[in-house]
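One structure below.
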Amino acid sequence: MLRIENLTVDHGAIRALHGVSFSVEKGQLAAVIGANGAGKTTLLRTLSGLNKASEGQAHWGDHNILHSKPEKLVRHGISHVSEGKSVIPELTVSENLELGSLWRRNSKESSQSKKEVLELFPRLGERLSQRADSLSGGERQMLALGRSIMSKPELLLLDEPSLGLAPLVIEQIFQAIRDLTTAKGLTVILVEQNAMGALKIADIGIVLNLGSIAAIGSAAALKDDPAVRAAYLGF
Amino acid sequence: MFEFINTLLIGITAGSIYSLMAISIVLVWRSTRVINFAAGGLALASSFVGAAVLEKTGSFWIALPLAMVAGAVFSAFIEFFFLRPLLKRSGDKGAEIFLPIIATLGLLGIIKTILSYIYGERIGSLPPPLSDKGFIVSGESIALSPMRILILGIVLLLMISLTLIFQRTNLGLSLRASSFAPEISRLAGIRVDLIRTVGWAISGAAGATAGILQTTNGSGSVAPESFEFSLLLVFGFVAAVIGGIESLVGAVLGGLTLGIILAIILMYVGGSLVFIAAFLILILILLLRPQGIIGAKGGRRA
Ligand SMILES: Nc1ncnc2c1ncn2[C@@H]1O[C@H](COP(=O)(O)OP(=O)(O)OP(=O)(O)O)[C@@H](O)[C@H]1O
Ligand SMILES: [Mg+2]
Numbered sequence: 165m166l167r168i169e170n171l172t173v174d175h176g177a178i179r180a181l182h183g184v185s186f187s188v189e190k191g192q193l194a195a196v197i198g199a200n201g202a203g204k205t206t207l208l209r210t211l212s213g214l215n216k217a218s219e220g221q222a223h224w225g226d227h228n229i230l231h232s233k234p235e236k237l238v239r240h241g242i243s244h245v246s247e248g249k250s251v252i253p254e255l256t257v258s259e260n261l262e263l264g265s266l267w268r269r270n271s272k273e274s275s276q277s278k279k280e281v282l283e284l285f286p287r288l289g290e291r292l293s294q295r296a297d298s299l300s301g302g303e304r305q306m307l308a309l310g311r312s313i314m315s316k317p318e319l320l321l322l323d324e325p326s327l328g329l330a331p332l333v334i335e336q337i338f339q340a341i342r343d344l345t346t347a348k349g350l351t352v353i354l355v356e357q358n359a360m361g362a363l364k365i366a367d368i369g370i371v372l373n374l375g376s377i378a379a380i381g382s383a384a385a386l387k388d389d390p391a392v393r394a395a396y397l398g399f
Numbered sequence: 305m306f307e308f309i310n311t312l313l314i315g316i317t318a319g320s321i322y323s324l325m326a327i328s329i330v331l332v333w334r335s336t337r338v339i340n341f342a343a344g345g346l347a348l349a350s351s352f353v354g355a356a357v358l359e360k361t362g363s364f365w366i367a368l369p370l371a372m373v374a375g376a377v378f379s380a381f382i383e384f385f386f387l388r389p390l391l392k393r394s395g396d397k398g399a400e401i402f403l404p405i406i407a408t409l410g411l412l413g414i415i416k417t418i419l420s421y422i423y424g425e426r427i428g429s430l431p432p433p434l435s436d437k438g439f440i441v442s443g444e445s446i447a448l449s450p451m452r453i454l455i456l457g458i459v460l461l462l463m464i465s466l467t468l469i470f471q472r473t474n475l476g477l478s479l480r481a482s483s484f485a486p487e488i489s490r491l492a493g494i495r496v497d498l499i500r501t502v503g504w505a506i507s508g509a510a511g512a513t514a515g516i517l518q519t520t521n522g523s524g525s526v527a528p529e530s531f532e533f534s535l536l537l538v539f540g541f542v543a544a545v546i547g548g549i550e551s552l553v554g555a556v557l558g559g560l561t562l563g564i565i566l567a568i569i570l571m572y573v574g575g576s577l578v579f580i581a582a583f584l585i586l587i588l589i590l591l592l593r594p595q596g597i598i599g600a601k602g603g604r605r606a
C-alpha cells in the first residue's frame with residue numbers, strides 16, 4: 165500500500181504541494197487530475213525521489229520512500245515514467261528497453277521481460293533496431309511504458325501518458341495501463357489532463373487544486389460529481 | 305608524391321595520438337558537461353608513472369598498461385573528490401557557470417606544480433620501444449617505422465575496444481544512457497554517479513595512452529613543464545571540437561584530420577605556424593560548423 169501523509173514540497177519559494185494525504189491500496193489504479201500547475205508532476209517526482217519533500221511522510225509498504233534516490237527506489241519496485249515521452253532518442257528501441265532491466269543484472273529475466281513487453285506492444289518489436297527518435301508519439305509512449313515494465317515495478321507512476329497523442333492511440337495506451345494493472349497486480353498512480361479517460365479506467369480518483377486535494381473518492385463517484393464535472397471534465 | 309605520402313603518414317600517426325586525447329576530453333564532456341583541461345595534467349602525471357615503471361622494469365609493455373591504470377585512478381579520483389562536490393554546490397547563476405572550467409584549469413596547474421615539486425629539474429625518460437628508423441623503400445627512407453606502426457596499432461586496438469565496450473556491453477549502454485539523459489537513466493535504475501566516475505576513469509586511461517605515445521613519438525622524455533603536453537592538450541581539444549565534442553567517432557576523425565592538416569602545414573609552410581593553424585581551425589569550425597564535421601544539425605550521436 166502507498167501511504168502519503170501531510171506531504172509538502174517546495175520549489176524554492178514556490179510551495180507546490182501543501183500537506184497532501186492519501187493512500188492507494190495495492191492493486192489499485194489511482195487517477196490524479198487537476199489543472200496546469202496543480203502539483204501533479206511534483207507529486208510523482210517526489211514519490212520517485214527526484215524532488216525533495218519539505219515535510220510529511222510517504223511509505224510504500226513499510227519502506228519510507230522520501231529521502232531515497234530514484235535509482236534506489238527502482239530497486240524497491242517504484243518506477244516513474246516522467247512527463248513528456250520519456251525515452252532516450254539517441255538509443256535504439258531495443259537499448260531503451262534493456263536500460264530498464266540493467267539494474268537487475270539478470271539477462272535471462274531481462275529477455276523474459278522483453279518478450280512480455282513485445283507481446284503487449286507488438287509495434288515495438290518491428291522497430292527494435294531503430295533509433296527511438298524515429299518513433300511516432302504513440303510508439304514512444306509505448307516504449308517509455310515498456311522500459312518501465314522491464315524494471316519489474318510494483319508501483320507505477322505515470323505522468324500524462326496521453327499527452328499529445330491522437331484519441332485512438334490514447335484509448336490503446338489507457339487500455340494497456342488498465343490491463344497491466346489487473347494482470348500484474350500493479351499499483352498505479354496515473355496523472356492525467358485527460359480527466360475523463362483516466363477516471364474511466366481508474367479505481368479511485370484524486371483531484372488536486374493549487375497543491376491541495378480538492379476531492380478524493382471512487383473514480384465512478386468523482387465522474388458523476390457535479391462540481392468535479394464542471395471544473396475538470398468540462399460538462 | 306613521395307614527400308606527400310610521407311607527410312600523410314606523419315600526420316596520421318600524430319593525429320591518431322590527438323584522437324586519443326580528444327576521446328579523453330569527449331568522454332568527460334559527455335558524462336559531466338565539463339571541458340576537462342586537467343586532462344593534460346593527468347596525461348603528464350600518468351606518463352611520469354610510465355617512465356618510473358619503465359625505469360624499474362625496463363619493459364614498455366608493463367609501463368604502458370600501468371600508466372593507463374594510473375591515469376584511470378587519477379582521473380576517477382579527481383572526479384570523485386573535486387568535481388562532484390563542486391558541481392553539487394554550483395548552480396547556473398551568473399559567474400557560477402565558469403566554476404567547473406576554472407576548476408579544471410586550476411587542477412591542471414596544481415598537477416604540474418606537484419610534479420615539479422616531486423621531480424624538480426629531472427625528467428622522465430620514455431624512449432621508443434621499437435626502432436623509429438623509417439623503412440627503406442626503393443632506396444629512400446619513408447616515414448613509416450616499426451614504432452609508428454606500433455603507435456597506430458595501439459591506437460587502433462584501443463578504439464576497437466572502446467567501440468565494443470560502448471556498443472556491446474551493459475556498461476557501455478549505461479555510459480551512453482547516463483550521458484544522453486541522466487534523469488531518465490536514474491529512473492531506470494542506473495547509478496549515474498558511479499557511471500560518471502567510470503567515464504572519467506576511461507577518459508584518464510585514454511589520456512595516459514596519448515601521453516605515453518606522444519612522448520615516445522616525440523622527444524622521448526617528459527618534464528613537468530613540457531611544452532609537448534600543452535600542445536597535446538590543445539590539439540586534443542581542437543580535434544574534439546572538429547568531431548563535434550559529443551562523438552567518439554568524431555573525436556577520432558577530428559584527430560586524424562587535424563594531424564594531417566598540421567603535418568602538411570609543417571612540411572610545406574613552416575613549423576612556427578602550426579600552433580596558429582590549430583587555433584584557426586578551431587575558430588573556423590566553431591563559426592562554420594559548430595556541430596562538428598560529422599554531427600547532424602540538432603542531433604546527437606552515439
Ligand atoms: N523546477 C521548478 N522550479 C520552480 N517552480 C516549479 C518547478 N517545477 C514546478 N514548479 C511550480 O510548482 C507548481 C506545480 O507544478 P507541477 O509541474 O507539479 O504541476 P502539474 O500539475 O504537473 O502541471 P501540468 O499539468 O502543467 O503538468 C507550479 O506552480 C510550477 O510553476
Ligand atoms: Mg505536469
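Protein chains in written order, with the working numbering: chain A, 165 to 399; chain B, 305 to 606.
Virtual Cβ for every residue (Gly too), placed ideally from N, Cα, C.
All figures in this text were calculated on a predicted structure; none of them were measured in a lab.
Quiz item: Would a check of beta-carbon distances place Ser614(B) closer than 9 Å to chain A?
Solution: The first residue shown for chain B is 305 and the last is 606, placing residue 614(B) beyond what the model contains.
Exercise. Flag Gly493(B) as yes if its beta-carbon sits less than 9 Å from any beta-carbon of chain A, otherwise no.
Key: yes
Quiz item: Does the distance from the C-beta atom of Ile469(B) to that of Ile506(B) stay below 9 Å?
Solution: yes
Quiz item: What residue from Lys392(B), Ile321(B), Ala355(B), Ser478(B) has the CA that sits closest to Arg334(B)'s CA?
Solution: Ser478(B)
Self-check item: Cβ of Gly603(B) within 9 Å of any chain A Cβ
Solution: Caution applies to Gly603(B), whose pLDDT of 47 falls short of 50 and renders its modelled position unreliable; the value that the coordinates give is listed next. Yes - at least one Cβ of chain A is within 9 Å of the one on Gly603(B).
Quiz prompt | Selection of the segment 543 to 554 of chain B by Cβ proximity to chain A, strictly under 9 Å | solution = none
Practice problem: Specify, as a first and last residue, the run of the alpha helix (DSSP H) that Leu300(B) falls within. | Solution: The structure shown does not extend to residue 300(B), since chain B is modelled only from 305 to 606, so the question has no answer here.
Quiz item: How many Å lie between Gln595(B) and Ala367(B) at the Cα?
Solution: 37 Å
Self-check item: is_contact[Val330(B), chain A] using C-beta, thresh 9 Å
Solution: no
Quiz prompt | Arg167(A) in three-state terms, based on DSSP | solution = strand
Quiz item: Once you ignore the five residues that flank Pro528(B) on each side, which residues in its own chain have a CB closer than 6 Å to its CB?
Solution: Lys416, Leu419, Ser420, Tyr423
Practice problem: Check the Cβ-Cβ distances between Leu477(B) and every residue of chain A, and say whether any is below 9 Å. | Solution: yes
Exercise. Could you tell me whether the Cβ of Trp224(A) comes closer than 9 Å to any Cβ of chain B?
Key: no
Practice problem: State yes or no: is the C-beta of Thr210(A) nearer than 8 Å to some heavy atom of ligand 2? | Solution: no
Quiz item: Closest by CA to Ser293(A), which one among Asp367(A), Gly183(A), Asn260(A)?
Solution: Asn260(A)
Quiz item: Got a sec: does ligand 1 put a non-hydrogen atom nearer than 8 Å to the Cβ of Glu487(B)?
Solution: no
Self-check item: Nearest-angstrom Cα separation, counted from Ile377(A) out to Ala180(A)
Solution: 12 Å
Quiz item: Expressed to the nearest angstrom, what Euclidean distance is found between the alpha-carbon atoms of Gly381(A) and Asp297(A)?
Solution: 39 Å
Quiz item: Under three-state DSSP, which class holds Glu283(A)?
Solution: helix
Quiz prompt | Boundaries (first-last residue) of the beta strand (DSSP E) holding Gln221(A) | solution = 219 to 224
Quiz item: Does the distance from the CB of Leu312(B) to the CB of Ile546(B) come in under 9 Å?
Solution: no
Exercise. Pull up the CB-CB distance for Arg624(B) and Glu235(A), whole angstroms please, since I reckon it's below 8 Å.
Key: This structure leaves residue 624(B) out entirely; chain B is present only between 305 and 606.
Self-check item: Cβ shell of Arg287(A) (< 8 Å), same chain only, five flanking positions each side left out
Solution: Glu303, Met306
Exercise. Confirm, please, whether the CB-CB distance from Ser246(A) to Asp323(A) is below 9 Å.
Key: yes
Practice problem: Evaluate the contact criterion for the segment 534 to 553 of chain B versus the segment 325 to 339 of chain B: three or more CB pairs, one atom per stretch, below 8 Å. | Solution: yes
Quiz prompt | Three-state class that DSSP yields for Val184(A) in the structure shown | solution = strand
Quiz prompt | Through-space distance from Ile427(B) to Phe533(B), alpha-carbon basis | solution = 13 Å
Quiz prompt | Closer than 9 Å to chain A by CB, Arg388(B) | solution = no
Exercise. Could you please tell me which residues of the segment 254 to 279 of chain A, in chain order, have their CB closer than 7 Å to any CB of chain B?
Key: Glu254, Leu255, Glu259, Glu262, Leu263, Gly264, Leu266, Trp267
Practice problem: Starting from the C-beta of Gly603(B), find all residues in its chain whose C-beta is less than 7 Å away, skip the five residues before and the five after it, and write them out in chain order. | Solution: A caution first: Gly603(B) carries a pLDDT of 47, below 50, which makes its placement in the model too unreliable to give a value.
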